[in-house]
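A.B. asks:
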Amino acid sequence: MRKLPFPQLAGPFTFMRRRLGFMRRLPLYILLTAFALLYLEPVLYMLSMAFKSTTDITNATAKWIPQSPTLSNLSYAIDTMDVMPTFLETENWWEGMMRSNLFVSILTTFPAALIQMFTCAVAGYAFARLKFPLKRTLFVCLMVSYIIPPQTVFIPLIWVFRALGVINSPLCFILPALFGCGLKGSLFVIIYMQFFKKLPEQLEEAAYIDGASTYKVFFQVMYPLAKPARITVFLFSMVWHWNETYLTGLFYSKIGTLGTALTAINVPNGVYSVALMAVKIAGALIFVGPLLIIYLLTQRHFTESIERTGIVE
Amino acid sequence: MRKKLGYEGRQKLVGTSFIAPWVIGFLAFTAFPLFYCLYMSLNKVTFMTDHLQMEWLWFENFRKALLEDAEIPNKLLQTLGQSAIIIPIIVVFALIMALMLNAKFPGRGLFRAIFFLPVVLTSGNLISILTDQGQGTISFLQSDTAQALIANLSGTWGTALKTVLANFLVILWYSGVQMLLLIAGMQSINPSTFEAARIDGAGKWEILWTITLPALMPFIFISIIYTIVDQFTTSYNPVLEVITSHSRSINTGYGYASAIAWLYFSLMLIILGVIILIFRKSLGIIGSSKRRPS
Numbered sequence: 530m531r532k533l534p535f536p537q538l539a540g541p542f543t544f545m546r547r548r549l550g551f552m553r554r555l556p557l558y559i560l561l562t563a564f565a566l567l568y569l570e571p572v573l574y575m576l577s578m579a580f581k582s583t584t585d586i587t588n589a590t591a592k593w594i595p596q597s598p599t600l601s602n603l604s605y606a607i608d609t610m611d612v613m614p615t616f617l618e619t620e621n622w623w624e625g626m627m628r629s630n631l632f633v634s635i636l637t638t639f640p641a642a643l644i645q646m647f648t649c650a651v652a653g654y655a656f657a658r659l660k661f662p663l664k665r666t667l668f669v670c671l672m673v674s675y676i677i678p679p680q681t682v683f684i685p686l687i688w689v690f691r692a693l694g695v696i697n698s699p700l701c702f703i704l705p706a707l708f709g710c711g712l713k714g715s716l717f718v719i720i721y722m723q724f725f726k727k728l729p730e731q732l733e734e735a736a737y738i739d740g741a742s743t744y745k746v747f748f749q750v751m752y753p754l755a756k757p758a759r760i761t762v763f764l765f766s767m768v769w770h771w772n773e774t775y776l777t778g779l780f781y782s783k784i785g786t787l788g789t790a791l792t793a794i795n796v797p798n799g800v801y802s803v804a805l806m807a808v809k810i811a812g813a814l815i816f817v818g819p820l821l822i823i824y825l826l827t828q829r830h831f832t833e834s835i836e837r838t839g840i841v842e
Numbered sequence: 040m041r042k043k044l045g046y047e048g049r050q051k052l053v054g055t056s057f058i059a060p061w062v063i064g065f066l067a068f069t070a071f072p073l074f075y076c077l078y079m080s081l082n083k084v085t086f087m088t089d090h091l092q093m094e095w096l097w098f099e100n101f102r103k104a105l106l107e108d109a110e111i112p113n114k115l116l117q118t119l120g121q122s123a124i125i126i127p128i129i130v131v132f133a134l135i136m137a138l139m140l141n142a143k144f145p146g147r148g149l150f151r152a153i154f155f156l157p158v159v160l161t162s163g164n165l166i167s168i169l170t171d172q173g174q175g176t177i178s179f180l181q182s183d184t185a186q187a188l189i190a191n192l193s194g195t196w197g198t199a200l201k202t203v204l205a206n207f208l209v210i211l212w213y214s215g216v217q218m219l220l221l222i223a224g225m226q227s228i229n230p231s232t233f234e235a236a237r238i239d240g241a242g243k244w245e246i247l248w249t250i251t252l253p254a255l256m257p258f259i260f261i262s263i264i265y266t267i268v269d270q271f272t273t274s275y276n277p278v279l280e281v282i283t284s285h286s287r288s289i290n291t292g293y294g295y296a297s298a299i300a301w302l303y304f305s306l307m308l309i310i311l312g313v314i315i316l317i318f319r320k321s322l323g324i325i326g327s328s329k330r331r332p333s
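Chains as they are written, first to last, in our numbering: chain L, 530 to 842; chain G, 40 to 333.
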């Protein structure tokens, strides 16, 4: 690039160039904006519907912005979905808390996600770097367990959990997580495996020369280094545990999560169906609300997550 | 490295200690249920007060499901047809979006945040609520002119197009992870390759077809595998609903449900196998180029 003889002239020129760049990118922007609107429409629809009063729902002029916004849908949904704990005097504190679907959702989501973040790393490291008998066979097993639809194995799985005495408790998700399995556990093992494979081997060699054991190398060098993979696994595990309604519906018959409670809201056909639908959508908003907030706070980690972990190689 | 005879053995012991928890978990929570499911599929399972009564039937359940029960082959074919349409569209859509989102432009972060939002929101639960509300399709398609246009479509392609348009939300919302995968793939291509091509006078389309897409093949492959597994394991799949309902019914029970589950699983394995065969060639090329020291 030739240097401009008059630097002060660069201003208007770069401005014009930028304008030109914008014009050239205009089709891209139009296309992206159109798609963005398609993506946001359901979310905006939920937001607007949740606050609509009965008159607004039938009012065609208040399609997006409710004219008389109300919180009654939300408060009704909070009641129907048992979001809050209810305490009876005859029971202890824990039983009251377990009656809160929000509490059960949190108990199902966070411990399992935290545990998977660690245990899947152990298995992933073994597959990436260590030697053990039957490695190839076990790798095939890992792939098979990734592609098995949980619906095909749920019946014996319920018996396993019943035999272990963990049915009807979040331990149904925590216990498999302790072994590096559980909800999408094999996918997380694969993510860690790919990440560890990409790290240079010199890192470990240096530690081994210093006399460190494999355990020390893993816990003090490799696991701390896997931070991007850990963030990815934790975030995705959290999201998938939170959104799981099928398995929670099967494992929990005496307790419920926000997801199962939302499914249970039944909207019959009839006069009240419109008003009840608004309640159900308010319930859906309560269900996805925590995730939406977490996403807004951590969206950088989501959008950059897979790029950094090297899941794709 | 092999000064001591026991070195290899000790290494294996340490490796085994790392993998052992996963193997125990796999045996207890995956292998045992899977094989028990297979065993049940060959039996008539009846619930007794304190135990399960098994009656060995050989392949009777499978025969019944495939030949007598019209619903099962129908549902399986329906799933196959739907995935034949939906899966390529999801992957192609994700590819187009990834190409756009990989370009450098101001405001890219915002668009990425919007397009990856479904990664958080995609639960079968929410999708069914929104589809019930007519949010599953694009709103301008519900207008009269669009309806009239769609009504004119006929034949195989018309039906396919109708399915796609009616499930547009599903396509949009189930392509988030694939977009992430493909963008990551694009960023793994060495920028100097593009530069060299540009210097040689290659146009944008030429670069896309001769450099970007071939280099993306492994990522496209992974996206397809992910999409298949994702679509086949989503709880609102018609076959999975049949499995759940049969497992609760008194007449058919767990044995029959397990047989359908295994049929379904085999169908999935066949599709995955076909995909692997199709991509074997393009993956082979990439694989060999990767083995070169960089």
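Beta carbons are placed, not taken as given, at the ideal position from N, Cα and C, and that holds for glycine.
All values reported here derive from a predicted model rather than from experimental measurement.
Between L:N602 and L:A811, is the Cβ-Cβ spacing less than 8 angstroms?
C.D. replies: Mapped onto the first sequence, residue 602 of chain L falls at position 73. Mapped onto the first sequence, residue 811 of chain L falls at position 282. Taking 8 angstroms as the Cβ cut-off, L:N602 and L:A811 qualify as a contacting pair.
A.B. asks: Return the Cβ separation of L:A755 and L:A650 in integer angstroms, given the expectation that the two are a contact with Cβ distance under 8 angstroms.
C.D. replies: Numbered from its first residue, the first sequence carries residue 755 of chain L at position 226. Numbered from its first residue, the first sequence carries residue 650 of chain L at position 121. Their Cβ separation, rounded to whole angstroms, is 6 angstroms, which keeps L:A755 and L:A650 in contact under 8 angstroms.
A.B. asks: Sort G:A104, G:H90, G:L66 and G:M225 by Cα distance to G:A142 and report the nearest one.
C.D. replies: By 1-based counting over the second sequence, the position of residue 142 of chain G is 103. With distances taken between Cα atoms, G:A142 lies closest to G:M225.
A.B. asks: Going by C-alpha to C-alpha distance, which of G:E94, G:E107, G:L134 and G:E99 sits closest to G:T266?
C.D. replies: Indexing the second sequence from 1 puts residue 266 of chain G at position 227. Ranking the options by Cα distance to G:T266, first place goes to G:L134.
A.B. asks: Using beta carbons (cut-off 8 angstroms, strictly below), is L:V651 in contact with chain G?
C.D. replies: Walking along the first sequence from the start, residue 651 of chain L turns up at place 122. L:V651 counts as touching chain G.
A.B. asks: What's the gap between the Cα of L:S742 and the Cα of L:I760?
C.D. replies: For this step, residue 742 of chain L is matched to residue 213 along the first sequence. For this step, residue 760 of chain L is matched to residue 231 along the first sequence. The alpha-carbon atoms of L:S742 and L:I760 are separated by roughly 26 angstroms.
A.B. asks: Does the beta-carbon of L:K713 have 16 or more other beta-carbons within 10 angstroms, so that it is buried, or is it exposed?
C.D. replies: Position 184 of the first sequence, counted from the first residue, corresponds to residue 713 of chain L. Note on L:K713: 16 or more other CB atoms within 10 angstroms of its CB, so buried under the neighbour-count rule.
A.B. asks: Flag L:R531 as yes if its beta-carbon sits less than 8 angstroms from any beta-carbon of chain G, otherwise no.
C.D. replies: Your numbering for residue 531 of chain L matches position 2 in the first sequence. Only weak support exists for where L:R531 lies, its pLDDT of 47 falling under 50; the value from the coordinates is given anyway. So, not an interface residue.
A.B. asks: Once you ignore the five residues that flank L:S634 on each side, which residues in its own chain have a CB closer than 6 angstroms to its CB?
C.D. replies: Position 105 of the first sequence, counted from the first residue, corresponds to residue 634 of chain L. Excluding sequence neighbours, L:S634 sits near T786 and L787.
A.B. asks: On the premise that L:V689 lies in contact with G:F132, defined as a C-beta separation below 8 angstroms, what is that separation, rounded to the nearest angstrom?
C.D. replies: Sequence index remark: in the second sequence, residue 132 of chain G carries index 93 (1-based). Sequence index remark: in the first sequence, residue 689 of chain L carries index 160 (1-based). At roughly 39 angstroms, the Cβ-Cβ gap does not stay under 8 angstroms, so G:F132 and L:V689 are not in contact.
A.B. asks: Check the Cβ of L:Y675 against every Cβ in chain G and list those closer than 8 angstroms, keeping chain order.
C.D. replies: Counting from 1 along the first sequence, the entry for residue 675 of chain L is found at position 146. Within 8 angstroms Cβ-Cβ: V268.
A.B. asks: In the DSSP assignment, the alpha helix (DSSP H) including L:M767 goes from what residue to what residue?
C.D. replies: As a working note, residue 767 of chain L is residue 238 in the first sequence. Residues K756 to N772.
A.B. asks: Among G:L115, G:L220 and G:F150, whose alpha-carbon lies nearest the alpha-carbon of G:M307?
C.D. replies: Numbered from its first residue, the second sequence carries residue 307 of chain G at position 268. Ranking G:L115, G:L220 and G:F150 by Cα distance to G:M307 puts G:L115 first.
A.B. asks: For the 8 angstroms Cβ check, are there 3 or more pairs between the region 708-726 of chain L and the region 638-652 of chain L?
C.D. replies: Contact holds between the region 708-726 of chain L and the region 638-652 of chain L, because three or more Cβ pairs, one in each stretch, are under 8 angstroms apart.
A.B. asks: Under a CB-based cut-off of 8 angstroms, is G:G248 close to chain L?
C.D. replies: On the second sequence, position 209 is the one that residue 248 of chain G refers to. Correcting the residue identity first, residue 248 of chain G is Trp in this sequence and not Gly. So, not an interface residue.
A.B. asks: Taking C-beta pairs closer than 7 angstroms, name the residues in chain L that G:L134 reaches, listed in chain order.
C.D. replies: Taking the second sequence and counting its residues from 1, one reaches residue 134 of chain G at position 95. What G:L134 touches in chain L: nothing, since even the nearest Cβ is about 14 angstroms away.
A.B. asks: Between the beta-carbon of G:V268 and the beta-carbon of L:Y675, is there less than 8 angstroms?
C.D. replies: Counting from 1 along the second sequence, the entry for residue 268 of chain G is found at position 229. Counting from 1 along the first sequence, the entry for residue 675 of chain L is found at position 146. Yes, they are a contact pair.
A.B. asks: Output yes if chain L places a C-beta closer than 8 angstroms to the C-beta of G:G54; else output no.
C.D. replies: Position 15 of the second sequence, counting from 1, holds the residue named residue 54 of chain G. By this cut-off, G:G54 is an interface position.
A.B. asks: Please classify L:M722: does DSSP put it in a helix, a strand, or coil?
C.D. replies: The count along the first sequence starts at 1 and reaches residue 722 of chain L at position 193. Here L:M722 sits in helix by DSSP.
A.B. asks: Taking just the CA atoms, how far does L:F564 sit from L:D611?
C.D. replies: Residue numbering aside, residue 611 of chain L sits at position 82 when the first sequence is read from its first letter. Residue numbering aside, residue 564 of chain L sits at position 35 when the first sequence is read from its first letter. Cα-Cα distance, rounded: 36 angstroms.
A.B. asks: Could you check what DSSP says for G:V84 in three-state terms: helix, strand or coil?
C.D. replies: If you number the second sequence from 1, residue 84 of chain G lands on position 45. If DSSP states are grouped into helix, strand and coil, G:V84 belongs with the strands.
A.B. asks: Between L:I810 and chain G, is there a C-beta pair that is closer than 8 angstroms?
C.D. replies: Stepping through the first sequence from its first residue, residue 810 of chain L is reached at position 281. Interface residue, yes.
A.B. asks: Using a beta-carbon distance cut-off of less than 8 angstroms, what residues from the region 66-78 of chain G approach chain L?
C.D. replies: Residues A67, F68, T69, A70, F71, P72, L73, Y75 and C76.
A.B. asks: Can you pull the chain G neighbours of L:F831, defined as C-beta to C-beta under 7 angstroms?
C.D. replies: Your numbering for residue 831 of chain L matches position 302 in the first sequence. Those within 7 angstroms of L:F831 in chain G are F155 and V158.
A.B. asks: To the nearest angstrom, how far is the alpha carbon of L:N772 from that of G:L156?
C.D. replies: Within the first sequence, numbered from 1, the residue matching residue 772 of chain L stands at position 243. Within the second sequence, numbered from 1, the residue matching residue 156 of chain G stands at position 117. If you take the alpha carbons of L:N772 and G:L156, they lie about 14 angstroms apart.
A.B. asks: Short check: CB of G:I153 to CB of G:W212, under 8 angstroms?
C.D. replies: What you label residue 153 of chain G is simply residue 114 of the second sequence in a count that begins at 1. What you label residue 212 of chain G is simply residue 173 of the second sequence in a count that begins at 1. No; because the gap between Cβ atoms is not below 8 angstroms, this pair is not in contact.
A.B. asks: When the cut-off is 8 angstroms and only beta carbons count, does L:N588 lie next to chain G?
C.D. replies: Locating residue 588 of chain L in the first sequence gives position 59, where the first residue counts as 1. Not one chain G Cβ lies under 8 angstroms of L:N588.
A.B. asks: Using a Cβ-Cβ cutoff of less than 6 angstroms, which residues in the same chain neighbour L:V808 once the five nearest sequence positions on both sides are dropped?
C.D. replies: Here residue 808 of chain L corresponds to residue number 279 of the first sequence, with the count starting at 1. Once the five neighbours on either side are set aside, the close Cβ partners of L:V808 are N602, Y605 and A606.
A.B. asks: For G:M93, report the span of its alpha helix (DSSP H) as first-last.
C.D. replies: Along the second sequence, one-based indexing puts residue 93 of chain G at 54. Where G:M93 is concerned, there is no enclosing alpha helix (DSSP H), although the beta strand (DSSP E) it sits in stretches over L91 to W95.
A.B. asks: Against G:W97, what residues of chain L qualify as contacts under a CB-to-CB distance less than 9 angstroms, listed in chain order?
C.D. replies: Here residue 97 of chain G corresponds to residue number 58 of the second sequence, with the count starting at 1. Going along chain L, no residue has its Cβ under 9 angstroms from G:W97, so there is no contact; the nearest lies around 20 angstroms.
A.B. asks: Give me the Cα-Cα distance between G:N164 and L:L791, rounded to the nearest whole angstrom.
C.D. replies: On the second sequence, position 125 is the one that residue 164 of chain G refers to. On the first sequence, position 262 is the one that residue 791 of chain L refers to. Their backbone Cα atoms lie some 8 angstroms apart in a straight line.
A.B. asks: Reducing DSSP to helix, strand and coil, say where G:R49 ends up.
C.D. replies: Taking the first residue of the second sequence as position 1, residue 49 of chain G is located at position 10. The answer is helix: DSSP assigns G:R49 an H, G or I state.
A.B. asks: How many Å lie between G:C76 and L:I815 at the Cα?
C.D. replies: The count along the second sequence starts at 1 and reaches residue 76 of chain G at position 37. The count along the first sequence starts at 1 and reaches residue 815 of chain L at position 286. One C-alpha to the other measures close to 37 angstroms.
A.B. asks: So which residues of chain G does L:L573 contact, with C-beta pairs closer than 9 angstroms?
C.D. replies: Start at 1 with the first residue of the first sequence, and residue 573 of chain L comes out as number 44. Result: empty, since nearest Cβ-Cβ is about 10 angstroms, beyond 9 angstroms.
A.B. asks: Whose C-alpha, out of G:Y46, G:E47 and G:S80, is nearest the C-alpha of L:P685?
C.D. replies: One-based indexing of the first sequence puts residue 685 of chain L at position 156. L:P685 has its Cα closest to that of G:S80, out of G:Y46, G:E47 and G:S80.
A.B. asks: Any heavy atom of the ligand FAD inside 7 angstroms of the beta-carbon of L:M610?
C.D. replies: Inclusion of the ligand FAD in the displayed structure is not the case, the ligand content being empty and no account of it being possible.
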